[in-house]
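Residue numbers (the numbering used here): 139 to 238. For every residue, glycine included, the Cβ atom is placed at its ideal position computed from N, Cα and C. Here's the structure we're looking at; comments come further down.
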């Protein structure tokens, strides 16, 4: 099933919908960050923060979802890899902060 977008007649309609989707994305990213911070608390060692196998697992799952929703897999992979790098950097900071 492809993700459906609302039909727009004007650029104002388009911008309203893009802004609405952005608000949803920010809420989802905030939720994801909360889980990353919990991971920093749970992981027993700093070496466990960066998990290459998990990164590749996430990418595979994202690409599979792209095929279902009709989203460009290459674009998604670039976006997710960049996002995950930022989350991993944040997790390192949180991991260190929790143990200082």
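- Contact annotation: residue 177 and residue 229 have beta-carbon atoms nearer than 8 Å.
- Residues 211 and 214 of the same chain have their beta carbon placed closer than 6 Å to that of residue 204, with the five preceding and five following residues left out of the count.
- When the beta-carbon positions are compared, residue 222 and residue 196 come within less than 8 Å of each other.
- Collapsing the DSSP output to three states places residue 144 in coil.
- In this structure, the beta-carbon distance from residue 180 to residue 225 does not fall below 8 Å.
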